[in-house]
Amino acid sequence: MPFKETMKIFKKPDCLTKIPMRYCPGCGHGIVHRLIAEVIDELGIRENTVGIAPVGCSVFIDEYFDCDMIQTAHGRAPAVATGIKRCLPNLVVFSYQGDGDLAAIGTAETVHAATRSENFTTIFVNNAIYGMTGGQQAPTTLPTQKTTTTPYGRDTKIHGFPVKVCEMLASLDGPTYLERVTVSKVAGVLKTKRAIKKAFQLQLDGLGFSLVEVLSPCPTGWGITPQKACEYVDEVMTPYYPLGVFKDLTKK
Amino acid sequence: MGIEKYKKGTKVLIKGNEAMAEGAVRAGCRFFGGYPITPQNEVPEYLSWRLFEVGGTFIQAESEVAAINMLYGASACGTRSMTSSSGCGISLKQEGISYIASAELPIFYANMIRGGPGLGNIAPCQGDYFQATRGGGHGDYRVIVLAPNSVQEMGNFPKLVYDLADKYRIPAMILADGLLGQMMEPVSFDFDWVDISKIPSKDYILNGCKGRERRVINTLHMDVDVLEKHNWHLFEKYNKIAANEIRFEERYTDDAELIIVAYGTAARIAVDAIVKARKEGIKVGLLRPITLWPFPEDVVAKLAERVGKILVVEMSLGQLVEDVRMFANGKSEIYFYGRPGGVVPNPEEVLGVIKRAMKSNIKAGEFCHLKKL
Ligand SMILES: Cc1ncc(C[n+]2csc(CCOP(=O)(O)OP(=O)(O)O)c2C)c(N)n1
Ligand code: SF4
Numbered sequence: 001m002p003f004k005e006t007m008k009i010f011k012k013p014d015c016l017t018k019i020p021m022r023y024c025p026g027c028g029h030g031i032v033h034r035l036i037a038e039v040i041d042e043l044g045i046r047e048n049t050v051g052i053a054p055v056g057c058s059v060f061i062d063e064y065f066d067c068d069m070i071q072t073a074h075g076r077a078p079a080v081a082t083g084i085k086r087c088l089p090n091l092v093v094f095s096y097q098g099d100g101d102l103a104a105i106g107t108a109e110t111v112h113a114a115t116r117s118e119n120f121t122t123i124f125v126n127n128a129i130y131g132m133t134g135g136q137q138a139p140t141t142l143p144t145q146k147t148t149t150t151p152y153g154r155d156t157k158i159h160g161f162p163v164k165v166c167e168m169l170a171s172l173d174g175p176t177y178l179e180r181v182t183v184s185k186v187a188g189v190l191k192t193k194r195a196i197k198k199a200f201q202l203q204l205d206g207l208g209f210s211l212v213e214v215l216s217p218c219p220t221g222w223g224i225t226p227q228k229a230c231e232y233v234d235e236v237m238t239p240y241y242p243l244g245v246f247k248d249l250t251k252k
Numbered sequence: 001m002g003i004e005k006y007k008k009g010t011k012v013l014i015k016g017n018e019a020m021a022e023g024a025v026r027a028g029c030r031f032f033g034g035y036p037i038t039p040q041n042e043v044p045e046y047l048s049w050r051l052f053e054v055g056g057t058f059i060q061a062e063s064e065v066a067a068i069n070m071l072y073g074a075s076a077c078g079t080r081s082m083t084s085s086s087g088c089g090i091s092l093k094q095e096g097i098s099y100i101a102s103a104e105l106p107i108f109y110a111n112m113i114r115g116g117p118g119l120g121n122i123a124p125c126q127g128d129y130f131q132a133t134r135g136g137g138h139g140d141y142r143v144i145v146l147a148p149n150s151v152q153e154m155g156n157f158p159k160l161v162y163d164l165a166d167k168y169r170i171p172a173m174i175l176a177d178g179l180l181g182q183m184m185e186p187v188s189f190d191f192d193w194v195d196i197s198k199i200p201s202k203d204y205i206l207n208g209c210k211g212r213e214r215r216v217i218n219t220l221h222m223d224v225d226v227l228e229k230h231n232w233h234l235f236e237k238y239n240k241i242a243a244n245e246i247r248f249e250e251r252y253t254d255d256a257e258l259i260i261v262a263y264g265t266a267a268r269i270a271v272d273a274i275v276k277a278r279k280e281g282i283k284v285g286l287l288r289p290i291t292l293w294p295f296p297e298d299v300v301a302k303l304a305e306r307v308g309k310i311l312v313v314e315m316s317l318g319q320l321v322e323d324v325r326m327f328a329n330g331k332s333e334i335y336f337y338g339r340p341g342g343v344v345p346n347p348e349e350v351l352g353v354i355k356r357a358m359k360s361n362i363k364a365g366e367f368c369h370l371k372k373l
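Line by line, the protein sequences are chains A and B.
In this text, residue positions in the first sequence follow my numbering: the first is 1, and each later residue adds one.
In this text, residue positions in the second sequence follow my numbering: the first is 1, and each later residue adds one.
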């Protein structure tokens, strides 16, 4: 049956501005941005949301999200989120952070916001590398993975072991919801959106700290094609960082 | 309990740290984030219950780094916020203060200086003058620095700090030493309880974009032209502050042949020494900078032209004296007496120094370290 008029069935979420994103082809950040924006649209909270930009490749998200935004110092987003949410508890607050930001320089802020169960949502993009500064070792860089500061591969005897953020935070009583997902395949993208939506919803319900860890490709930092990068997420990252729910206090 | 107890004009006997904390609450502070450190612990201890009483938020943060960033958030959504620490902790806060200065948000922070460098000790000291007046963190920025010299001023300055911070959208601080924080003196607050609902709403705060364009608070400007413009904008603002907000106290300067420049506790000791000196017929006066930044530069310049000798007394090793020398600009003999490491000089000692400076004969513009004479 022919359409009478053209119907728009796919568009940019309202919560994204018209500014084009500056990510490399095949980067996971753009996908995660879109999912967050879709969730904000679906929950109808755009006008009541404050987003927090980290330092890292996603430092420019204050340009991309069409809601109030604040850009912060490297690793300090959870502390800034705490200040905002405690002063204006009716706002929806989310921080968006990479692995260097969240699990190296900002580890203390992350752990303590989680253990205080601050009522905001963290979207944690784990790409196992420092993208913005040119591909150095991250706290989440995998054993044997080559980076510009582990040119012979990460040797755990020299460089120590990767930080498993969800597992670490799950040992605390504070956090309400911790899930690790991936955007390497369509099924994972859909699951990621469900996890983000759940995290925002439980913030709206006043239930406390939630974090969604997204395993995300960084083809540029890893020096491989976008396609290979997605395979790397599935074949190398996921076995080390198992997907799933690590904590969910909403399920008693 | 607090509101009634501390009505405007009521005299109460409290510690300097408590006076500052109560003054902050009376002036509208509704958020405190901080980390314990001696000699300022009475501030968080007081605010942990006092802010609760007035519906505010108190958080004992995991570190000073986190505390200052909590203020970044609190101030970004329009809340009058406060943190306090001592030198070691302020060092950790400098990163955040630089961001807050760039984002042009108003905050109130206090440094109750202890002996340094390193872990130093917990005795009263003025060794963080450079840290405070030179910004301390990275980049071209300034903060307003107020230096009280009594518990009374510790109680009244928070209102001034918030008003200046709001007016100029700038971090503003109280710089005092552990002695001013620990000692008890009578205080009567000289300002009315600030009704926070009547503080004019700010057009830059983040509170959700309902009914307006979205707002962004950002300190990243990749385009050099944009960042240069932002720096010039800050520069103009700092000039405006320097033109309008300098505060100082002059005593016995009319007929003085020697002027002591000192702030905070050192200024109080200097006054005692001056009174003793005058009893012996030595004409000594005092210039007490109250704003350490902006510094009363014209006042120093004029005094240097008129008075032959300037003696800088500080509980640090030649920090304040650098500003005095800069603005005296070779017009006067400059003597310096400093006690670092947490040692508080006594008035007799300073009187001795005054006498040595009066007898000494150095050229105008020269600098004489009296400890080494
Ligand atoms: C205090 C401080 N130290 C270092 C930097 C430099 N820096 C910028 S981004 C970055 C790493 C970001 O990596 P990650 O958080 O993993 O995000 P990605 O770029 O991979 O998305 C570093 C070290 C900085 N901006 N500030
Ligand atoms: S460097 Fe990596 S994380 Fe950064 S934009 Fe490129 S692909 Fe994305």
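No residue lacks a Cβ here, since even glycine has one placed at the ideal position from N, Cα and C.
Item: Count the other CB atoms, across all protein chains shown, that sit within 10 Å of the CB of B:F52; report buried if there are 16 or more and exposed otherwise.; Value: exposed
Item: Report buried or exposed for A:R76, applying the criterion of at least 16 other Cβ atoms within 10 angstroms of its Cβ.; Value: buried
Item: DSSP three-state label for A:G100, please.; Value: helix
Item: Under DSSP, the beta strand (DSSP E) around B:A176 begins and ends at which residues?; Value: 171-177
Item: Got a sec: which bits of the stretch 187-212 of chain B sit with their beta carbon under 8 Å from any beta carbon on chain A, in order along the chain?; Value: L206, N207, G208, C209, K210, G211
Item: Which same chain residues, not among the five before or five after B:L47, have their C-beta less than 6 Å away from its C-beta?; Value: A21, F32, F58
Item: Quick one: does the C-beta of A:G221 sit closer than 7 Å to a heavy atom of ligand 2?; Value: yes
Item: Taking the straight line between their C-alpha atoms, what separation do you get for B:V65 and B:R268?; Value: 33 Å
Item: Can you tell me which of A:T17, A:G44, A:L207 puts its alpha carbon nearest to the alpha carbon of A:H33?; Value: A:T17
Item: Measure the alpha-carbon distance for B:P44 versus A:C15 and round it to whole angstroms.; Value: 40 Å
Item: Skipping 5 residues on each side, what residues in its chain have a beta carbon closer than 8 Å to that of B:L373?; Value: Residue placement at B:L373 cannot be trusted, given a pLDDT of 49 that sits under 50; what the coordinates show is reported in the next sentence. Hits under 8 Å: R356, S360.
Item: If we cut at 8 Å on Cβ distances, does B:G73 have a partner in chain A?; Value: yes
Item: Count the C-beta pairs between the stretch 165-183 of chain A and the stretch 219-226 of chain A that are closer than 8 Å, then say yes if the count reaches three, no if not.; Value: no
Item: Do you know offhand how far A:I9's Cα is from A:V39's?; Value: 17 Å
Item: B:L292 to B:P186, Cα distance in whole Å?; Value: 25 Å
Item: Determine, for A:G83, whether the minimum Cβ-Cβ distance to residues of chain B falls below 8 Å.; Value: yes
Item: Among residues of its own chain, excluding the 5 on either side of B:K382, which ones have a beta-carbon nearer than 6 Å to its beta-carbon?; Value: For chain B, the structure presents residues 1 to 373; residue 382 of chain B sits outside this window and is missing.
Item: Does the Cβ of A:T49 have 16 or more other Cβ atoms within 10 Å, making it buried, or fewer, making it exposed?; Value: buried
Item: Per DSSP, what kind of secondary structure is B:L373 in: helix, strand or coil?; Value: Note that B:L373 scores a pLDDT of 49, beneath 50, so its modelled location is shaky; the value from the coordinates is reported in the next line. Reduced to three states, the DSSP call for B:L373 is coil.
Item: Mind checking whether the beta-carbon of A:Y241 lies closer than 7 Å to any heavy atom of ligand 1?; Value: no
Item: So if DSSP puts A:T176 in a beta bridge, which residue, or which two residues, is it bridged to?; Value: A:T176 is not bridged to any residue.
Item: Note down the Cα distance separating B:P200 from B:G78, rounded to an integer number of angstroms.; Value: 10 Å
Item: Keeping to the same chain, check which residues put their C-beta closer than 6 Å to that of A:I70; ignore five residues upstream and five downstream.; Value: I52
Item: Apply the 10 Å Cβ neighbour rule to B:I334 and answer buried if 16 or more other Cβ atoms are within range, or exposed otherwise.; Value: buried
Item: Checking the sheet assignment: what are the DSSP bridge partners for A:V245?; Value: A:E179
Item: Could you give the distance in angstroms between the alpha-carbon of A:G56 and the alpha-carbon of A:Y96?; Value: 10 Å
Item: Would you identify the three-state DSSP class for A:A53, choosing helix, strand or coil?; Value: strand
Item: Any residues in the stretch 26-39 of chain B with a beta carbon nearer than 8 Å to a beta carbon of chain A? Which ones, in chain order?; Value: R30, F31, G33
Item: Tell me whether B:G178 is buried or exposed, calling it buried when 16 or more other Cβ atoms sit within 10 Å of its Cβ.; Value: buried
Item: If you measure from the beta carbon of B:N69 to each beta carbon in chain A, is any gap under 8 Å?; Value: yes
Item: Give me the Cα-Cα distance between A:L88 and A:I129, rounded to the nearest whole angstrom.; Value: 34 Å
Item: Return the first residue and the last residue of the beta strand (DSSP E) that A:I123 is part of.; Value: 121-126
Item: Please work out which residues of its chain come closer than 7 Å, Cβ to Cβ, to A:D41, disregarding the five sequence neighbours upstream and downstream, and give them in chain order.; Value: P13, D14, C15
Item: What number of angstroms, rounded off, separates the C-alpha of B:G211 from the C-alpha of B:V194?; Value: 28 Å
Item: From B:M183 to B:A273, what does the alpha carbon distance come to, in whole angstroms?; Value: 20 Å
Item: Identify the continuous alpha helix (DSSP H) that holds B:K309 and give its terminal residues.; Value: B:K309 -> not in any alpha helix (DSSP H); beta strand (DSSP E) instead, spanning 309-314.
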